[in-house]
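For reference, the structure discussed in these notes is given below.
Residue numbers (this note's numbering): 402 to 515.
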């Protein structure tokens with residue numbers, strides 16, 4: 402009695418050869434997307450006083466204007482107000498208390514005199 406030997410299928414062999422290339426493409430796309438998102442955020446952060454060094458509850462909050470600490474996604478109340486003035490730091494935006502905590506945006510961002 403002769404038993405047939407199992408051969409690896411071509412699909413598995415070719416798939417395993419493509420895996421590193423596919424992973425490299427995925428990682429490259431992820432890094433490129435991250436760079437675009439990060440550079441867009443940095444532009445907004447540099448438009449407000451101390452925008453690159455905002456803290457919330459003692460933790461760094463680079464996503465100023467967003468509900469997420471790292472940006473993207475839904476805007477918080479300051480982000481909505483900042484967008485309403487076309488992303489410009491104005492005296493009016495400075496004087497507002499966007500988050501309703503009793504301190505103006507200017508006080509919170511280190512520009513109390515607006």
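Positions of the beta carbon are idealized from the N, C-alpha and C atoms, including for glycine.
Buried or exposed for residue 453, please, with buried defined as at least 16 other CB atoms from any protein chain shown within 10 angstroms of its CB.
Along the chain shown, one-based indexing puts residue 453 at 52. Label assigned to residue 453: exposed.
Can you look up residue 476 in the DSSP assignment and give me helix, strand or coil?
The residue you call residue 476 lines up with position 75 of the chain shown. Looking at residue 476 - three-state DSSP - the assignment turns out to be strand.
Indicate whether residue 483 and residue 466 have their beta-carbon atoms separated by less than 8 Å.
Locating residue 483 in the chain shown gives position 82, counting from the first residue. Locating residue 466 in the chain shown gives position 65, counting from the first residue. Yes, the Cβ-Cβ distance between residue 483 and residue 466 is below 8 Å.
Selected residue, minimal CA-CA separation from residue 493, among 514, 445, 451, 464
Looking up residue 493 in the chain shown gives position 92. Taking only the C-alpha atoms, the option nearest residue 493 is 514.
Determine whether the beta carbon atoms of residue 490 and residue 461 lie at a separation below 8 Å.
For this step, residue 490 is matched to residue 89 along the chain shown. For this step, residue 461 is matched to residue 60 along the chain shown. Against a cut-off of 8 Å, the Cβ pair of residue 461 and residue 490 comes out as no contact.
Residue 480 to residue 504 span [Cα, whole Å]:
Position 79 of the chain shown, counted from the start, is the residue given in the question as residue 480. Position 103 of the chain shown, counted from the start, is the residue given in the question as residue 504. Near 16 Å, if we compare the C-alpha coordinates of residue 504 and residue 480.
Member of 459, 477, 457, 464 whose CA lies at the smallest distance from the CA of residue 444
As a first step, residue 444 is located in the chain shown; it is residue number 43 there, counting from the start. The candidate whose alpha carbon is nearest that of residue 444 is 464.
If you reduce the DSSP assignment to three classes, tell me which class residue 460 lands in.
Working through the chain shown from its first residue, we reach residue 460 at position 59. Here residue 460 sits in strand by DSSP.
If you check the beta carbons only, do residue 477 and residue 495 fall under 8 Å apart?
Position 76 of the chain shown, counted from the start, is the residue given in the question as residue 477. Position 94 of the chain shown, counted from the start, is the residue given in the question as residue 495. No.
Classification of residue 509 by the beta-carbon crowding that lies within 10 angstroms, buried from 16 upward
Translated into positions along the chain shown, residue 509 becomes position 108. Classification for residue 509: buried.
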